[in-house]
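Written below as structure tokens is the structure these notes are about.
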Amino acid sequence: MSVDTPFQIEFADRLKELPPYLFVEIDKAKRQARAQGRDIIDLGVGDPDTPTLPHIIEAMQKAVIDPANHRYAFDAGLPALREEIATWFQKRFSVSLDPLTEIYPLIGSKEGLAHFPLGVVNPGDKVLLTDPAYPAYQASIIFAGGKIIRIPLKESSGFLPDLKKIAEYKDIKVMFVNYPNNPTSAVANKEFYTELVQIAKDKGIILVSDMAYSEIYYDGKKPTSIFEVDGAKDVAIEFHSFSKTYNMTGWRIGWACGNRKLIEALAKVKSNYDSGIFQAIQVAAITALRTDEAEVGDLRRMYEERRDLLINGLRSLGWKIPSPPAAFYVWGRIPKGFQDSMETAKAFLERADIVATPGVGFGKAGEGYIRMTLTVSKDRIMQAVERLRKIL
Ligand SMILES: *Cc1c(COP(=O)(O)O)cnc(C)c1O
């Protein structure tokens with residue numbers, strides 16, 4: 000190469016295939032507003048605002064000074080961690096999992112969800128995704144060369160996919176479901192999973208269940224794991240996370256569980272990409288799983304109070320908005336007078352200094368909706384409602 004020909008960097012086709020990042024404009028506007036010194040209330044990010052529970056931090060402090068934890072971790076995770084996950088799962092869902100073959104610790108559940116398609120999806124294979132959906136799924140399917148088919152989630156069906164539609168599609172290899180759902184906060188019950196598992200068995204569809212919000216629920220109604228359905232282990236893998244339950248988003252730890260062949264596929268992919276989770280974090284995660292249920296209950300109560308405050312506040316502005324049964328997202332139709340979700344988000348930011356996420360960023364069927372998180376204090380929520388009162 001001569002000095003006067005600039006070296007051209009060409010991205011791989013798979014990167015060019017990624018859909019445009021729709022939150023880019025809002026992100027930019029948010030940064031600009033902050034740089035101008037404006038007091039922004041961020042109802043955009045789904046990241047707990049309160050710290051990791053203290054007993055978990057203490058366990059980490061002890062584990063981090065132990066040289067035994069400084070070396071490459073065992074890929075498949077500490078046996079003690081896998082056993083603790085099995086114990087937790089049994090207690091929480093009355094489902095037994097074999098720690099050795101049916102559980103696999105991850106560097107956050109997103110990491111596992113993103114790597115899993117590489118283990119089971121061939122180029123051209125059809126993968127069903129809901130619309131709207133958590134954006135990480137579609138990227139992982141594109142990277143694996145899969146073909147995405149989107150199935151809309153309608154408010155009139157409780158944001159559950161129409162299972163009769165699924166039965167009509169041919170040659171579906173994998174389907175992703177996520178309840179409690181991000182962004183709609185909808186939950187699925189055992190009847191839904193029973194029907195879904197039956198269809199998956201009839202049609203040979205691998206089911207991926209993302210349960211990152213399994214412990215963030217309200218009004219005492221515990222969400223269901225797909226494995227509460229008999230025989231679900233024949234077709235399903237489920238992803239769990241420490242992030243939202245124990246305020247550990249930055250720690251990067253979660254797990255996959257279920258069908259041993261599916262776990263094996265994921266493990267094979269991962270063994271070529273990473274070398275396990277920092278062992279001190281695994282040790283702290285064992286402590287996390289032993290957290291007194293009352294402490295997680297306090298967290299739930301905190302979000303529940305915020306939820307009621309925000310919902311009642313927004314309703315007092317004449318905005319008809321449903322109260323979420325789980326997760327920490329308020330998902331509502333855009334208020335009257337706005338054209339679309341992007342325009343609404345821009346108006347909230349420009350005229351009320353509030354960041355909210357436009358529904359269209361989660362898929363076409365998310366158009367007409369806006370998402371607001373419950374990860375700010377009650378004072379900030381009250382302030383946000385007052386600011387919206389001025390513009391709605
Ligand atoms: C937050 C979130 C995750 C990722 O959790 P990590 O374990 O922190 O990677 C996965 N799925 C959904 C739907 C989420 O909202």
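Taking numbering that gives the first Met the number 0, the leading residue of the sequence shown gets 0, the next gets one more, and so forth.
For glycine and all other residues, C-beta sits at the position ideal for the given N, C-alpha and C.
Nothing here was measured: the structure is a model prediction, and the numbers come from that model.
Name the one or two DSSP bridge partners that alanine 325 has.
Position 326 of the sequence shown holds residue 325. For alanine 325, which the question treats as bridged, DSSP gives the partners Tyr216.
Could you say which of Met210, Leu17 and Thr183 lies nearest to arginine 332 if we only look at CA atoms?
Working through the sequence shown from its first residue, we reach residue 332 at position 333. Closest by alpha carbon: Thr183.
Could you please give the first and the last residue of the uninterrupted beta strand (DSSP E) stretch that includes isoleucine 236?
Stepping through the sequence shown from its first residue, residue 236 is reached at position 237. 235-240 is the span of the beta strand (DSSP E), which, as asked, contains isoleucine 236.
Rounded to whole angstroms, how far is the Cβ of isoleucine 262 from the Cβ of glutamate 101, which I believe are closer than 8 Å?
In the sequence shown, counting from the first residue as 1, residue 262 sits at position 263. In the sequence shown, counting from the first residue as 1, residue 101 sits at position 102. Between glutamate 101 and isoleucine 262 the Cβ distance is about 6 Å, and since that is below 8 Å, they are a contact.
is_contact[lysine 146, chain D] using C-beta, thresh 7 Å
Protein chain content of the structure displayed is limited to a single chain, and chain D is not contained in it.
For my contact list, alanine 325 and valine 186 are in at a C-beta cut-off of 8 Å; report their separation, rounded to the angstrom.
Residue 325 sits at position 326 when you count from the first residue of the sequence shown. Residue 186 sits at position 187 when you count from the first residue of the sequence shown. Confirmed, about 5 Å.
Would you check if the distance between the CB atom of lysine 243 and the CB atom of tyrosine 212 is smaller than 7 Å?
If you number the sequence shown from 1, residue 243 lands on position 244. If you number the sequence shown from 1, residue 212 lands on position 213. Yes, they are a contact pair.
Taking C-alpha atoms, which residue in Ser224, Lys172 and Glu194 lies nearest to leucine 162?
Against the sequence shown, residue 162 aligns to sequence position 163. Selected option, being the one with the closest Cα: Glu194.
Name the one or two DSSP bridge partners that aspartate 41 has.
As a first step, residue 41 is located in the sequence shown; it is residue number 42 there, counting from the start. Val354.
Can you list, in chain order, the stretches of the beta strand (DSSP E) that have 3 or more residues and sit fully within the segment 69-155?
102-105, 125-130 and 146-151
Kindly list the residues whose CB is nearer than 7 Å to the CB of proline 151, restricted to its own chain and excluding five residues on each side of it in sequence; keep chain order.
Within the sequence shown, the letter at position 152 stands for residue 151. The residues are Asp130 and Ala364.
Rounded separation between lysine 319 and leucine 313 - CA only:
Position 320 of the sequence shown, counted from the start, is the residue given in the question as residue 319. Position 314 of the sequence shown, counted from the start, is the residue given in the question as residue 313. Spanning the two alpha carbons is a distance of roughly 8 Å.
Taking 8 Å as the limit between beta carbons, can you name the residues of its chain near glutamate 294, skipping five residues before and five after?
Residue numbering aside, residue 294 sits at position 295 when the sequence shown is read from its first letter. Around glutamate 294: Leu52.
Beta-bridge partners of threonine 372, as assigned by DSSP:
Walking along the sequence shown from the start, residue 372 turns up at place 373. Per DSSP, Tyr328.
Name the DSSP bridge partner or partners of serine 208?
Here the question's residue 208 lines up with position 209 in the sequence shown. In DSSP, serine 208 forms a bridge with Val176 and Glu237.
Measuring straight from C-alpha to C-alpha, what distance separates lysine 202 and isoleucine 39?
The sequence position of residue 202 within the sequence shown is 203, counting from 1. The sequence position of residue 39 within the sequence shown is 40, counting from 1. When rounded, the separation of the alpha-carbon atoms in lysine 202 and isoleucine 39 is 49 Å.
Opposing strand residues paired with alanine 279 [DSSP bridges]:
Counting from 1 along the sequence shown, the entry for residue 279 is found at position 280. Under DSSP, no beta-bridge partner is assigned to alanine 279.
Shorter than 6 Å, the distance from the beta carbon of threonine 248 to the closest heavy atom of ligand 1, or not?
As a first step, residue 248 must be located in the sequence shown, where it is residue number 249. Within the cutoff, so yes.
Cutting at 7 Å between CB atoms, please list the residues of its own chain near phenylalanine 158, excluding the five before and the five after it.
Here residue 158 corresponds to residue number 159 of the sequence shown, with the count starting at 1. If we look at phenylalanine 158 and ignore the five residues flanking it on each side, its Cβ neighbours are Leu152, Asn180, Thr183 and Ala185.
Which partner residues of tryptophan 254 appear in the DSSP bridge assignment?
As a first step, residue 254 is located in the sequence shown; it is residue number 255 there, counting from the start. Pro104 and His239, per the DSSP bridge assignment.
For ligand 1, I want to know if glycine 107 counts as a neighbour, meaning its beta carbon is within less than 6 Å of at least one of the ligand's heavy atoms.
On the sequence shown, position 108 is the one that residue 107 refers to. At a threshold of 6 Å, glycine 107 counts as near ligand 1, since its beta carbon sits closer than that to one of the ligand's heavy atoms.
Alpha carbons only, please: which of Arg91, Met59 and Thr4 is nearest the one belonging to tryptophan 250?
By 1-based counting over the sequence shown, the position of residue 250 is 251. Nearest in C-alpha terms to tryptophan 250, of all of Arg91, Met59 and Thr4, is Met59.
Go ahead and label serine 376 buried or exposed: buried means 16 or more other beta carbons lie within 10 angstroms of its beta carbon, across all protein chains shown.
Taking the sequence shown and counting its residues from 1, one reaches residue 376 at position 377. By the Cβ-count criterion, serine 376 is exposed, with fewer than 16 other Cβ atoms from all chains shown falling within 10 Å of its own Cβ.
Tell me where the alpha helix (DSSP H) around tyrosine 20 begins and ends.
For the purposes of this step, residue 20 is identified with residue 21 of the sequence shown, where counting begins at 1. Here tyrosine 20 belongs to no alpha helix (DSSP H), and DSSP marks it neither H nor E.
Would you say the beta carbon of serine 139 comes nearer than 6 Å to a heavy atom of ligand 1?
On the sequence shown, position 140 is the one that residue 139 refers to. It does not: the Cβ of serine 139 is nowhere closer than 6 Å to a heavy atom of ligand 1.
Let me confirm a value: threonine 374 is counted as buried when at least 16 other C-beta atoms fall within 10 Å, else exposed. Which label applies?
Numbered from 1 along the sequence shown, position 375 holds the residue referred to as residue 374. Threonine 374 counts as buried, since no fewer than 16 other beta carbons sit within 10 angstroms of its beta carbon.
Is isoleucine 310 helix, strand or coil by DSSP?
Walking along the sequence shown from the start, residue 310 turns up at place 311. In this structure, isoleucine 310 counts as helix in the three-state DSSP scheme.
Enumerate in chain order the residues of its own chain whose CB-to-CB distance from phenylalanine 444 is below 6 Å, with the five nearest sequence positions on each side excluded.
Because the chain spans 0 through 391 in this model, residue 444 falls outside it and cannot be assessed.
If the criterion is Cβ atoms closer than 7 Å, does the pair asparagine 257 and serine 108 meet it?
Counting from one through the sequence shown, the residue named residue 257 turns up at place 258. Counting from one through the sequence shown, the residue named residue 108 turns up at place 109. It should be pointed out that residue 257 corresponds to glycine in this sequence rather than to asparagine. In this structure, serine 108 does not lie closer than 7 Å to glycine 257 by Cβ.
So for isoleucine 64, helix, strand or coil by DSSP?
One-based indexing of the sequence shown puts residue 64 at position 65. Coil at isoleucine 64, not helix or strand.
Using a Cβ-based criterion (distance less than 6 Å to any ligand heavy atom), does tyrosine 178 qualify as near ligand 1?
Looking up residue 178 in the sequence shown gives position 179. Outside the cutoff, so no.
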